[in-house]
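S.K.:
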Amino acid sequence: MDIKSLNRTILISASFLYSINVILSISLYTLLTQISLPVSNLDLRSVLIAVPLISGVFNGLILSMLSMGLKYAEYYGLAKSILAIIIYTGYWAAFRPGLDVLAFIVSIMILCVIQIGVLTLYARVQKEMFG
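Start counting the sequence shown at 162; every next residue gets the next number (the working numbering).
1. Quick one, which of Phe256, Ile181, Leu192 has its alpha-carbon nearest Ser201's?
2. Mapping DSSP to helix, strand and coil, what is Tyr233?
3. So is Val279 buried or exposed if we call it buried at 16+ other beta carbons inside 10 Å?
4. Given a threshold of 16 other Cβ atoms within 10 Å of its Cβ, counted over all protein chains shown, does Pro199 qualify as buried or as exposed?
5. Assuming Glu235 and Tyr179 are in contact, meaning their beta carbons sit under 8 Å apart, how far apart are those beta carbons, in whole angstroms?
6. Would you report the Cα separation of Ile275 and Gly259, rounded to the nearest angstrom?
7. Should the segment 176-192 be regarded as contacting the segment 207-225, the criterion being three or more beta carbon pairs within less than 8 Å?
8. Do Ser216 and Ser197 have their C-beta atoms within less than 8 Å of each other?
9. Using a threshold of 8 Å, state whether the C-beta atoms of Ile269 and Ala245 are closer than that.
10. What is the DSSP secondary structure of Leu222, reduced to helix, strand or coil?
Structural data, given as C-alpha cells:
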C-alpha cells in the first residue's frame, strides 16, 4: 500500500472514530441530564453534566480539522483524547455511576485509546509525506 492510500485509509478511520465519539458524547450528555448526579451544588452539577457536551463539540471540531487537513490537527486530537480519558476516569472514580452511564464512559474511553493509536499513525504518515 502506498503512502497516499495509507494516509486516506487512516483519515477515513479517524473520521469514523470521531463521528462515533461525537454520538456517544452527546448521548452521555442526554443521559446525564435525565439522571441525577450525587452533587448538591447546582453550579457544579451543571458543569459536570456539560463536560460530555463540550467533549462532543471538540470531537466535531477535531473531525473537521482532520478532514480539512489542517496542520497539527492530529496533535490536538491526541491531547483531547488523553484529556478525555483522564476526565472520564475521574467521573468513574468520583461518582461510581450506574451501569448505563458506565457503559457510555467505558465506550468513550476505549474509543479515545483507539483514536490515540490512529492519530499517532496519522502523525507518522504526515511526517513521512511532508517531512
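Just so it is clear, CB atoms sit at the ideal spot from N, CA and C, and this is done for glycine as well.
Quick caveat: nothing in here was measured; it's all calculated off a predicted structure.
M.R.: On the basis of the coordinates in this document:
1. Checked all of Phe256, Ile181, Leu192; the closest Cα to Ser201 is Phe256.
2. In this structure, DSSP gives Tyr233 a state outside helix and strand, which the three-state scheme calls coil.
3. Counting the other Cβ atoms within 10 Å of the Cβ of Val279 gives 16 or more, which makes it buried.
4. For Pro199, the number of other beta carbons within 10 angstroms of its own is below 16, and it is reported as exposed.
5. Wrong, their Cβ atoms sit about 11 Å apart, outside the cutoff.
6. Pairing Ile275 with Gly259, the inter-Cα distance amounts to about 24 Å.
7. In this structure the segment 176-192 lies against the segment 207-225, because at least three pairs of beta carbons, one per stretch, are closer than 8 Å.
8. Pairing Ser216 with Ser197 gives a Cβ-Cβ distance that is not under 8 Å.
9. Yes, Cβ-Cβ distance for Ile269 and Ala245 is below 8 Å.
10. Per DSSP, reduced to three states, the secondary structure at Leu222 is helical.
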